[in-house]
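Chains as they are written, first to last, in our numbering: chain A, 1 to 266; chain B, 1001 to 1193; chain C, 2001 to 2231.
Down below is the structure, laid out as structure tokens.
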């Protein structure tokens, strides 16, 4: 990132009058994890660029990119990201990090899935035992990952009495699963921040299918004139730089690692 | 026997009525005379049980339904004159069919199918009095019943009141021709002993 | 503008195609709203009218509390009901959280102060003769109150429709205590919110159009009623 001070000098020489600003659209679960409050301040201090974080659902974040209302996207929905790029809305896309999902459930574990290595098998046991399962139901990254697992064991159980599609964010769904003593697929970060209030256990974790890769996408400035491409690129560079990646790896919640960088990690 | 002693009715700081002493025997026909604003309406509402004294005592009042007040500006509900009376009869669980005859007795039989909105002030009052008579009260309190009545109307009303067997209290600025036996004067909201 | 027009076009198409999930949301919205506003009215209207007609001791304080109740944000009501019905709450054993019943409880609490305040206002504005007439004719306090309410029934119908509109369009309660479960507790407003978060503008506009239609219907009804009363 030796280019950074040079770029800053150039920007200063070009006489950028007002403080530069990047609008970063990301998902609510990413924002709720607290990662950005750890990751962004060093960047903002050094460059003087203000990062405006807009945390919405995955679909809405991508929509903001399409309409040019966001300059940079940080999302975790690989298929939809690729469709976004294929449709020409993004100038560039890079992998940046991954976190993981965990299958939560009541301590009593009626479907007996505790400790299974294969998440899909756990889903199959939940279906066959008809145990209560709460789904995000909102086309979020988490919901997409959940659907992918159902597809491996016979399809999404839509309409079944025990399958409750909530259409809400991760936090409310965690509370719902807690109240209803149901199973739920959740991202580890949000789970950790709610853990103290919940009566749910982590029953399945570590399966590769439970990995959740993040992509950072630069919105194509050619399509929308008011996209702040230069500062957005600087932010993207920071996130994928060795320094940024190290900072991601250093982030802890309750002493636990949440996000795994793509550089130098596995 | 209704007995009032040392009674005062105040609304906030204003004294609307003061009665040192007043007695009304059962079956008596009393006129309460006084100019406008002298407290006649307040006295009638007190007697009818719609108002309570701020201080002093009043005993022997028949309860609402047994002692009936007809307001100076009576309220009639939606529907015809006959329906208004039938409703009152229903409230007291009496047969509704009797409604029409009471209108005849106050000389308002021709008004039975008219609704309140088309009645004049005097006509409304006659309907209201017929309504009060219909429930057969022990006491009847009338607030200015003869105002805005023509000769014929006044005559049939007087006849109906003469035929009324219970206690009668009539309040008005003048009581000429009213079917009463004695007069109580209200001076500036006061009745002396 | 083109964006909006396209959304409207798509929304109309969705409505005409009779999407089952959307119409189930209509059913949930209407069922919960009618149940709660009616339940609230049955108690709130006589209560408010009683305060306005008979002015018992403490009436002023109660009217004040009702007015405060009217201005409490829906999210707070949602929070209160959630705390009550949650497993750890007082009524947790009823297992009512995330059901239509929970929504009805919440929206009834929402409608109550509004209906009572409007009933109080209408009753207090009546001439004293209106309630004194049945009283003096022996109708008793309760029947006299009903007779007086009959005189302001148009205002009461308008009050019902106002409460109806408020409950139909609220979001904070139905999502918090209902859970937005598809085909169970998902209402029209919460469908809109969900579709917006998915970035699907047209799918958000379809239930939005239905809501607007229902609101127009309620407004038209109120208008009709008040014109009838004036004639």
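Virtual Cβ for every residue (Gly too), placed ideally from N, Cα, C.
- Taking residue 21 (chain A) as the centre and dropping the five residues before and after it, the same chain places the C-beta of 49, 50, 51, 52, 228 and 231 closer than 8 Å to its C-beta, in chain order.
- Nearest Cα to residue 218 (chain A) within the set A:5, A:3, A:82 and A:57: A:82.
- Around the Cβ of residue 207 (chain A), a 10 Å sphere holds 16 or more other Cβ atoms; the residue is buried.
- Per the Cβ contact rule, the stretch 161-170 of chain A is in contact with the stretch 121-134 of chain A (3 or more Cβ pairs under 8 Å).
- Of the other Cβ atoms in all chains shown, fewer than 16 fall within 10 Å of the Cβ of residue 2216 (chain C); this residue is therefore exposed.
- Annotation for residue 180 (chain A): the continuous alpha helix (DSSP H) segment containing it runs 170-180.
- The three-state reading of DSSP puts residue 1116 (chain B) in helix, counting H, G and I together.
- With fewer than 16 neighbouring CB atoms inside 10 Å of its own CB, residue 1014 (chain B) falls in the exposed class.
- For residue 2147 (chain C), the residues of chain B that pass the 9 Å Cβ criterion are 1077, 1087 and 1091, in the order they occur in the chain.
- Residue 1048 (chain B) reaches chain C at 2136, counting residues in chain order whose Cβ is nearer than 7 Å.
- Just so you know, the alpha carbons of residue 2198 (chain C) and residue 2048 (chain C) end up roughly 43 Å apart.
- At a Cβ-Cβ threshold of 7 Å, residue 122 (chain A) and residue 103 (chain A) count as neighbours.
- In the three-state reduction of the DSSP assignment, residue 2057 (chain C) falls in the coil class.
- With its beta carbon at least 7 Å from every one in chain C, residue 1009 (chain B) lies outside the interface.
- Within the model, the alpha-carbon separation for residue 1062 (chain B) versus residue 1045 (chain B) is close to 12 Å.
- Of the candidates C:2155, C:2111 and C:2103, C:2155 places its Cα closest to the Cα of residue 2125 (chain C).
- Between residue 170 (chain A) and the set A:4, A:259, A:55 and A:239, the nearest pair of CA atoms involves A:55.
- Contact of residue 2199 (chain C) with chain A is assigned, a C-beta pair being separated by under 7 Å.
- In this structure, the straight-line span from the alpha carbon of residue 2008 (chain C) to that of residue 2206 (chain C) is close to 8 Å.
- Residues of chain B with a Cβ closer than 8 Å to the Cβ of residue 2130 (chain C) are, in chain order, 1075.
- Assignment of residue 162 (chain A) by DSSP, reduced to helix, strand and coil, places it in the coil class.
- Looking at the backbone, the Cα of residue 1040 (chain B) and that of residue 2213 (chain C) are separated by about 56 Å.
- For the set A:58, A:91, A:35 and A:62, the Cα lying nearest the Cα of residue 222 (chain A) is the one of A:91.
- Distances from the CA of residue 2015 (chain C) to each of C:2169, C:2208, C:2221 and C:2228 were compared; the closest alpha carbon is that of C:2208.
- A residue is called buried once 16 or more other Cβ atoms fall within 10 Å of its Cβ, and residue 2189 (chain C) is buried on that count.
- By the 16-neighbour rule on beta-carbons within 10 angstroms, residue 1134 (chain B) is buried.
- Judged by their CB atoms, residue 96 (chain A) and residue 216 (chain A) are nearer to each other than the 7 Å cut-off.
- The C-beta of residue 1064 (chain B) comes closer than 7 Å to at least one C-beta of chain C.
- In the three-state scheme derived from DSSP, where H, G and I count as helix and E and B as strand, residue 1052 (chain B) is classed as coil.
- Note on geometry: alpha-carbon atoms of residue 1094 (chain B) and residue 1086 (chain B) lie some 9 Å from one another.
- Annotation for residue 2064 (chain C): no residue places its beta carbon closer than 6 Å to its own, counting only its chain and skipping 5 residues before and after.
- Fewer than three pairs of CB atoms, one per stretch, sit closer than 8 Å, so the stretch 246-256 of chain A makes no contact with the stretch 1142-1153 of chain B.
- Flagged as an interface residue toward chain C: residue 63 (chain A), by a C-beta distance shorter than 7 Å.
- Residue 2186 (chain C) is positioned such that its CB atom lies closer than 7 Å to that of residue 2025 (chain C).
- Per the coordinates, the alpha-carbon of residue 120 (chain A) lies some 48 Å from the alpha-carbon of residue 2040 (chain C).
- For residue 1135 (chain B), the chain C residues whose C-beta falls within less than 8 Å of its own C-beta are 2137 and 2138, listed in chain order.
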